[in-house]
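The block underneath contains the structure these notes are about, expressed in structure tokens.
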Amino acid sequence: MEKTSLEQALDQLDQAVAAVRLGVQDLVHGQGAAEAAGAAAHAVSGGAIDPFVFRFAIFVLAIFVGYYVVWSVTPALHTPLMAVTNAISSVIVVGALLAVGIAASGLATGFGFVALMLVSVNIFGGFLVTQRMLAMYKKKEK
Amino acid sequence: MEKTSLEQALDQLDQAVAAVRLGVQDLVHGQGAAEAAGAAAHAVSGGAIDPFVFRFAIFVLAIFVGYYVVWSVTPALHTPLMAVTNAISSVIVVGALLAVGIAASGLATGFGFVALMLVSVNIFGGFLVTQRMLAMYKKKEK
Amino acid sequence: MNANFASFLYLVSGILFILALRGLSHPTTSRQGNIYGMIGMAIAIATTLALATPSFGGFGLIVLGLVIGGSVGAVVARRIAMTAMPQLVAAFHSLVGFAAVMVAAAAMYAPESFGIGSAGAIHGQALVEMSLGVAIGAITFTGSVIAFLKLDGRMSGKPIMLPARHLINIALGAALVALIVTLVLTQSHFVFWLIVLLSLALGVLLIIPIGGADMPVVVSMLNSYSGWAAAALGFTLGNLALIITGALVGSSGAILSYIMCKGMNRSFISVILGGFGGETAAVGAGDGVERTVKQGSADDAAYLMMNAQKVIIVPGYGMAVAQAQHALREMADKLKANGVEVKYAIHPVAGRMPGHMNVLLAEANVPYDEVFELEDINSEFAQADVAYVIGANDVTNPSARDDKSSPIYGMPILDVDKARTCLFVKRSLGSGYAGIDNTLFYKDGTMMLLGDAKKMTEEIVKAMDH
Amino acid sequence: MNANFASFLYLVSGILFILALRGLSHPTTSRQGNIYGMIGMAIAIATTLALATPSFGGFGLIVLGLVIGGSVGAVVARRIAMTAMPQLVAAFHSLVGFAAVMVAAAAMYAPESFGIGSAGAIHGQALVEMSLGVAIGAITFTGSVIAFLKLDGRMSGKPIMLPARHLINIALGAALVALIVTLVLTQSHFVFWLIVLLSLALGVLLIIPIGGADMPVVVSMLNSYSGWAAAALGFTLGNLALIITGALVGSSGAILSYIMCKGMNRSFISVILGGFGGETAAVGAGDGVERTVKQGSADDAAYLMMNAQKVIIVPGYGMAVAQAQHALREMADKLKANGVEVKYAIHPVAGRMPGHMNVLLAEANVPYDEVFELEDINSEFAQADVAYVIGANDVTNPSARDDKSSPIYGMPILDVDKARTCLFVKRSLGSGYAGIDNTLFYKDGTMMLLGDAKKMTEEIVKAMDH
Ligand SMILES: NC(=O)c1ccc[n+]([C@@H]2O[C@H](COP(=O)([O-])OP(=O)(O)OC[C@H]3O[C@@H](n4cnc5c(N)ncnc54)[C@H](OP(=O)(O)O)[C@@H]3O)[C@@H](O)[C@H]2O)c1
Ligand SMILES: NC(=O)c1ccc[n+]([C@@H]2O[C@H](COP(=O)([O-])OP(=O)(O)OC[C@H]3O[C@@H](n4cnc5c(N)ncnc54)[C@H](OP(=O)(O)O)[C@@H]3O)[C@@H](O)[C@H]2O)c1
């Protein structure tokens with residue numbers, strides 16, 4: 001389906017571009033030409049863009065954020081950092097929830113349930129152990 | 001149109017959810033139920049998501065990146081920083097190009113042309129003056 | 001070109017802009033960074049042309065616009081004096097602001113070309129984004145023009161305080177919001193232009209009450225605004241490069257404003273409300289108390305420095321005014337040839353723009369590893385024989401440290417008074433931009449070298465040759 | 001729930017995760033950060049439940065899974081000894097890896113529920129993303145299990161070197177790529193499970209040749225992997241929270257690996273290829289040359305330190321093994337009560353995990369502002385009377401500085417030899433993990449306190465009371 005929608009978008013674009021050319025050459029800036037231009041611009045402005053592109057952009061920017069945010073972590077807290085990244089990577093739980101919650105296959109529900117259990121260990125274990133560690137870091141009493 | 005497509009998505013979701021409920025209660029995991037679940041999940045997994053959400057996500061992450069990247073600029077280069085941000089903010093030129101290139105209205109083309117000229121001053125002026133400044137920063141000769 | 005691929009390319013150009021700013025973390029990587037920025041811009045332009053495939057006539061117009069604007073830009077960039085950077089940046093901002101208004105107007109008149117609906121039926125969301133973009137753009141435009149005029153000295157730096165100005169501004173702001181709502185409801189071109197007009201007026205009114213010397217903060221703030229305007233239009237156009245860039249520029253301006261306010265120990269709000277600072281007041285020591293000042297000649301200064309072991313040079317706005325950086329470098333060379341250790345100390349708000357002094361010193365071929373920030377060098381004044389303060393004033397004023405009643409109390413300063421001798425090059429005993437008398441002039445260890453910074457430094461260089 | 005609003009909430013939870021990591025930039029903000037992380041997770045879970053609206057039975061299953069897993073996790077988190085952190089983190093990683101495999105399998109068997117097509121007609125793009133996710137997940141699983149076993153001492157730390165292992169790994173990797181292509185073409189469940197199996201095997205084979213003491217790098221690397229696996233599945237599910245988190249975790253693991261390799265002055269590649277380090281070799285000074293060692297008693301040590309002005313404590317892996325941190329704190333308290341200045345110096349790779357020593361000291365209530373990183377304290381050893389090295393070895397070995405032929409040459413070390421006296425608490429003259437003799441033991445200023453770190457420190461505390 002990806003391919004077809006992509007091809008569709010391409011076709012639309014081609015048609016639209018052709019229409020625009022005609023319209024512009026026409027010199028009469030009538031409604032027809034304007035609409036054709038609109039179709040072209042629809043593609044231009046992202047109406048037809050595959051969500052993958054956006055996700056990829058988000059992924060890349062998040063890597064930049066990760067780079068900076070992790071380098072700013074103080075070395076004294078590197079162990080809690082490992083524990084908390086562990087905990088947050090358990091957000092994969094959303095997949096497990098979908099599988100258990102709405103899967104139309106018994107096997108899938110089973111797999112999801114196993115994933116859910118494992119990942120719950122991580123969520124609770126990860127955040128709580130981080131909490132426990134962080135609670136120990138104290139300043140000198142004055 | 002935003003509203004209607006949003007409402008459409010909502011309606012689809014409602015229908016799909018109802019279908020899933022039926023399907024799951026049905027206990028017979030036939031093709032029909034599976035398809036209904038698919039429709040629900042289509043909404044779940046983002047097929048129906050407004051690009052605005054993605055753009056917003058990109059915007060927010062870019063602010064994080066900007067925050068970190070600018071704080072890491074050395075104070076000695078704050079003047080070039082102002083010059084180069086000036087230059088890159090001229091990427092608004094894409095709007096001007098659309099207006100000049102494919103606008104179906106004479107006025108719009110005119111506005112676009114003015115924008116294009118102004119912004120070109122900025123693009124060339126900004127990058128070149130930055131270049132000129134940066135070329136002056138030298139290390140001690142040993 | 002495929003729309004997906006185009007979006008991907010816009011992302012690449014956004015990433016290249018991030019790398020451009022990232023390069024500025026160090027002088028050695030900065031040139032590479034600037035090249036990334038240029039490539040990013042080229043990609044964005046090429047992608048747009050490939051995507052929109054303009055007609056032959058359209059293409060001609062585009063080339064024409066790029067060539068006219070580009071050559072003006074290139075000439076300006078080559079000719080401009082480094083001391084005029086603050087003005088130049090303000091002028092460039094005004095262009096971006098106006099361009100944002102024009103792009104929004106084009107989108108208003110030819111919504112189809114931008115994919116935001118058709119004439120009279122533009123999407124509500126796009127209208128909101130656009131009107132935000134246009135309002136911020138227009139404010140940026142007139143605000144930057146005022147900032148430019150004040151920085152360039154074509155307009156008095158004195159704050160212009162209208163009566164009830166806060167009330168007027170609030171009323172204008174409210175009217176703006178009402179107009180935006182009306183625009184969304186009516187799609188009227190007339191309302192659109194009203195928004196533009198109102199915003200232009202607001203830009204003027206917001207900036208005129210702010211004193212000339214606060215203009216650097218204003219320029220940064222407007223830089224930030226132009227970023228947000230670009231981002232708003234980026235949402236309208238669905239353009240990733242524009243959204244990312246807008247966010248970057250927006251944060252950059254905001255952070256620079258913050259750094260400057262911190263360097264002055266003032267709140268951002270107090271700067272923006274205006275009324276502070278004006279013409280550099282030449283008050284002299286006319287406050288009744290008779291105080292003695294030790295004045296020196298170029299020969300005295302030359303003798304003192306040639307016999308020193310360590311000299312720290314503190315440049316300020318006066319060095320920029322006098323264009324004294326080259327003479328200063330010559331002087332430092334002489335000293336170094338004579339075995340004296342020379343360093344430069346830069347206060348975060350020395351001059352009229354962040355990093356202003358660094359650029360001027362770099363222009364005069366001072367290696368950047370001899371130039372230090374306040375926190376890195378402040379402890380070294382105690383070991384220095386001479387602090388050579390050239391055209392700097394407020395950033396050395398000890399009342400910021402000692403006098404709780406001083407308006408600049410709390411501002412971090414360079415501890416030049418800790419040096420054995422402190423030489424002050426300026427034209428008079430007048431105060432700096434903050435209009436505050438500098439008690440340092442009357443201290444024992446201080447010697448005033450009254451005169452133009454460039455002339456005085458050149459005379460010292462000559463005296464060193466004897 | 002509206003799908004747009006749900007996406008927005010996923011974004012919010014991603015942002016909260018960023019803030020969670022950001023909080024770790026300082027101990028005072030870290031607790032708040034961890035709470036942001038918890039809120040982010042709660043939002044992600046609640047959003048998914050609201051979006052998918054499971055049936056009553058499904059909801060029951062979900063609660064059951066959360067309760068079982070959650071209570072196990074909570075109990076483990078409460079009971080685990082701080083010294084066992086490296087193992088715990090490895091174990092947790094293995095769970096995430098396995099969960100990723102299970103989620104991908106569920107998606108394979110019920111693609112409709114995940115919106116990626118229908119059985120036998122799953123989108124090609126989704127299949128690629130999924131198989132990447134499943135392969136990385138499976139490698140993370142078995143790799144982490146091996147790392148856990150080695151770190152926990154249930155498996156020998158000795159590298160297990162199969163003949164032609166590089167060839168085997170390359171062949172397996174190629175097979176994996178071929179299988180992924182086949183999966184996209186055939187959509188066969190059998191191929192899917194083959195991918196899982198192969199990846200599980202690859203995880204084992206990749207990690208067994210790596211020595212026990214390199215496990216911290218491995219754990220970080222696998223942390224990074226689990227992030228990329230999560231991101232891959234995030235693409236499949238179109239879930240912003242998962243994509244952002246994956247990128248964060250991926251970068252975090254990569255950066256930590258980099259920091260550790262830098263701290264050891266080794267290349268990441270050489271660590272991953274394995275074969276380095278094994279059982280802590282108890283070689284002693286048996287290299288032919290007779291060298292004298294000054295041995296001391298607890299009384300000697302107590303006397304020396306009580307009469308010192310400044311003592312710097314250097315903890316290492318041995319302190320963790322002996323659980324000596326509490327005794328150490330007591331000793332420091334005694335010293336401080338006696339007017340001695342006490343500081344702690346932490347090497348970036350002291351112990352068996354980045355930040356390992358800091359956590360243990362924090363557990364023993366040592367204030368974090370008495371604990372310093374290598375670059376901040378290294379110059380102070382020259383002014384210290386005593387360096388009290390407890391269970392550390394390689395990180396103090398001067399041959400890293402002086403001996404070009406040493407395998408650890410170039411690794412930054414703590415300059416304990418610059419202190420007037422250097423006390424070494426360890427059980428023997430054996431070497432540390434790198435298996436290299438420490439020339440410091442035979443130096444004049446060194447006094448060896450042979451014995452278990454905890455017992456020896458307790459004896460010193462007692463001796464101080466006399
Ligand atoms: N850099 C920024 O980003 C920024 C931003 C906002 C505000 N500011 C403000 O700007 C000020 C900067 O401090 P500063 O110490 O650099 O400058 P300053 O305090 O304004 O003092 C400059 C001095 O230079 C002297 N001068 C002017 N022209 C001269 C010439 N041709 N030859 C010799 N001397 C000359 C003036 O004294 P005479 O008239 O006696 O010669 C004046 O006292 C601070 O108050 C700061 O808060 C800076
Ligand atoms: N932290 C990390 O992230 C990381 C990552 C990768 C690699 N590493 C490696 O790990 C090593 C860490 O250096 P390190 O100085 O902390 O440790 P080390 O060099 O491994 O030395 C630990 C010493 O503690 C002694 N010891 C063991 N148990 C003891 C006990 N119960 N009581 C007293 N002493 C005891 C041992 O000597 P005896 O047997 O004589 O008692 C041993 O020499 C470095 O080589 C580093 O490259 C660390």
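Protein chains in written order, with the UniProt record's numbering: chain Y, 1 to 142; chain W, 1 to 142; chain V, 1 to 466; chain Z, 1 to 466. Idealized CB from N, CA, C, for every residue including glycine. These numbers were taken from a predicted model, which means no experiment stands behind them.
Check: Looking only at C-alpha atoms, which of V:Ala364, V:Gly133, V:Val359 and V:Lys343 sits nearest to V:Gly250?; Outcome: V:Gly133
Check: For a contact meaning CB atoms closer than 7 Å, what does Y:Phe64 contact in chain W?; Outcome: Val65
Check: When every heavy atom of ligand 1 is checked, does at least one fall within less than 6 Å of the C-beta of V:Ala147?; Outcome: no
Check: Rounded C-beta distance between V:Ser144 and V:Ala90? I'm assuming under 8 Å.; Outcome: 5 Å
Check: Less than 6 Å separating the Cβ of V:Met448 from some heavy atom of ligand 3?; Outcome: For ligand 3, the structure offers nothing, since it holds only ligand 1 and ligand 2.
Check: Is Z:Pro414 close to chain Y, meaning its C-beta is less than 7 Å from at least one C-beta of that chain?; Outcome: Just to set this straight, residue 414 of chain Z is Leu in the shown sequence, not Pro. Output row for Z:Leu414: interface = no.
Check: In terms of DSSP beta bridges, what is Z:Pro315 paired with?; Outcome: Z:Ile390
Check: What would DSSP say about Z:Gln187, mapped onto helix, strand or coil?; Outcome: coil
Check: Give, in chain order, every unbroken run of the beta strand (DSSP E) that is at least 3 residues long and sits entirely within the segment 384-446 of chain V.; Outcome: 386-390 and 421-426
Check: Going by beta carbon distance, what residues of the same chain come within less than 7 Å of V:Phe17, once the five residues before and after it are set aside?; Outcome: Gly37, Gly40, Ile244, Thr245 and Leu248
Check: Name the DSSP beta bridge partners of V:Phe235, please?; Outcome: The partner list for V:Phe235 (beta bridge, DSSP) is empty, contrary to what the question assumes.
Check: Taking 8 Å as the cut-off, does the segment 299-314 of chain V touch the segment 402-409 of chain V (at least 3 CB pairs, one atom from each stretch)?; Outcome: no
Check: Tell me, please, which residues DSSP counts as bridged to Z:Phe372.; Outcome: Z:Ala345
Check: With a 10 Å radius around its C-beta and 16 neighbouring C-beta atoms as the bar for buried, classify Z:Ile413 as buried or exposed.; Outcome: buried
Check: Taking 7 Å as the CB-CB limit, is V:Leu127 close to chain Y?; Outcome: no
Check: Using a Cβ-Cβ distance cut-off of 7 Å, determine whether Z:Ser7 contacts chain W.; Outcome: yes
Check: How far does the alpha helix (DSSP H) with Z:Lys454 in it extend, from its first residue to its last?; Outcome: Ala453 to Asp465
Check: Is the number of C-beta pairs between the segment 51-61 of chain V and the segment 118-126 of chain V that are closer than 8 Å three or more?; Outcome: no
Check: Is V:Val314 a contact residue of ligand 1, with contact defined as CB to any heavy atom under 6 Å?; Outcome: no
Check: Going by DSSP in three states, Z:Ala106 sits in which element: helix, strand or coil?; Outcome: helix
Check: Just checking my contact of Z:Ala254 with Z:Gly14 at CB under 8 Å: how many whole Å lie between their CB atoms?; Outcome: That pair is no contact at about 19 Å.
Check: To the nearest angstrom, how far is it from the Cα of W:Val129 to the Cα of W:Ala83?; Outcome: 7 Å
Check: At what residues does the alpha helix (DSSP H) containing V:Gly351 begin and finish?; Outcome: First-last for V:Gly351: undefined, no H or E at that position.
Check: What is the DSSP secondary structure of W:Ala40, reduced to helix, strand or coil?; Outcome: At W:Ala40, the pLDDT of 44 sits below 50, so the modelled position is not reliable and the matter cannot be decided from this model.
Check: I want to verify the contact list: residues of chain Y whose CB lies under 7 Å from the CB of V:Ile15, in sequence order.; Outcome: Val60
Check: Distance check for Z:Tyr409 and Z:Leu304, CA to CA, integer angstroms please.; Outcome: 32 Å
Check: Rounded to whole angstroms, what is the Cα-Cα separation between Z:Phe381 and Z:Val340?; Outcome: 15 Å
Check: Can you check whether the CB of Y:Gly101 is closer than 7 Å to the CB of Z:Val103?; Outcome: no
Check: Which same chain residues, not among the five before or five after Z:Arg420, have their C-beta less than 6 Å away from its C-beta?; Outcome: Asp385
Check: What does the Cβ neighbour count give for V:Arg154, buried or exposed, with the cut at 16 atoms within 10 Å?; Outcome: exposed
Check: For the alpha helix (DSSP H) holding Z:Glu330, just list the boundary residues, first then last.; Outcome: Gln325 to Ala337
Check: Residues of chain Y with CB closer than 9 Å to the CB of V:Leu240, please, in chain order.; Outcome: Gly46, Val53, Phe54 and Ala57
Check: Got a sec: is the Cβ-Cβ distance from V:Ala3 to anything in chain Y below 7 Å?; Outcome: yes
Check: For Z:Gly115 and Y:Leu97, what's the separation of their Cα atoms in angstroms?; Outcome: 14 Å
Check: On the CB-based measure, 16 or more other CB atoms within 10 Å of its CB, does residue 554 of chain Z come out buried or exposed?; Outcome: Residue 554 of chain Z is absent from the structure shown; chain Z starts at 1 and stops at 466.
Check: Label V:Asn338 either buried or exposed according to how many other C-beta atoms from any shown protein chain fall within 10 Å of its C-beta, with 16 as the threshold for buried.; Outcome: exposed
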